[in-house]
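Participant: One structure, pasted below without further comment.
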Amino acid sequence: MQAWYDASFEREMGCTEAELQRWLPGAVGPHTLQVHAQSAEVGFDAGRLALRWRVLPPRQIALVRVPRLAVSFDFDGVPEADRQAFMRHFDLYTQRGGG
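So the sequence shown is numbered by the working numbering: it starts at 973 and just counts up by one.
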């Protein structure tokens, strides 16, 4: 089943702020990227994406602590097809491996 992405949404990501910033250049693919303190702007041929994040308390599962970020995605003027393609790439790039 394919995910659907609205023009604006928020999600929780299991990573640190440093990890997200390290992933962003590859996660945005060929689009322009400007990273600021706890935010980034991604440029498209038509429109832009504003990313903002804030650190959440880590999730504790038994003795394991998982870092968490609340990340908001706000697309402005990006056509629906481009938005969906971008998010498919972003999600694949930022997903962690599992076994």
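Glycine included, every Cβ here is placed at the ideal spot set by N, Cα and C. Just so it is clear, the structure is predicted and the values come from calculations on it, not from any experiment.
Please classify R1060: is it buried, with 16 or more other beta-carbons within 10 angstroms of its beta-carbon, or exposed?
Facilitator: Result: exposed.
Participant: Going by DSSP in three states, A1057 sits in which element: helix, strand or coil?
Facilitator: It is helical.
Participant: In the DSSP output, which residue or residues are listed as bridge partners for F1047?
Facilitator: DSSP lists L1021 as partners of F1047.
Participant: Would you mind reading off the limits of the beta strand (DSSP E) that contains G1015?
Facilitator: Note, G1015: beta strand (DSSP E), 1011 to 1015.
Participant: Checking 9 Å against the spacing of the C-beta atoms, do A1022 and D1046 come in under that value?
Facilitator: Contact flag set, yes.
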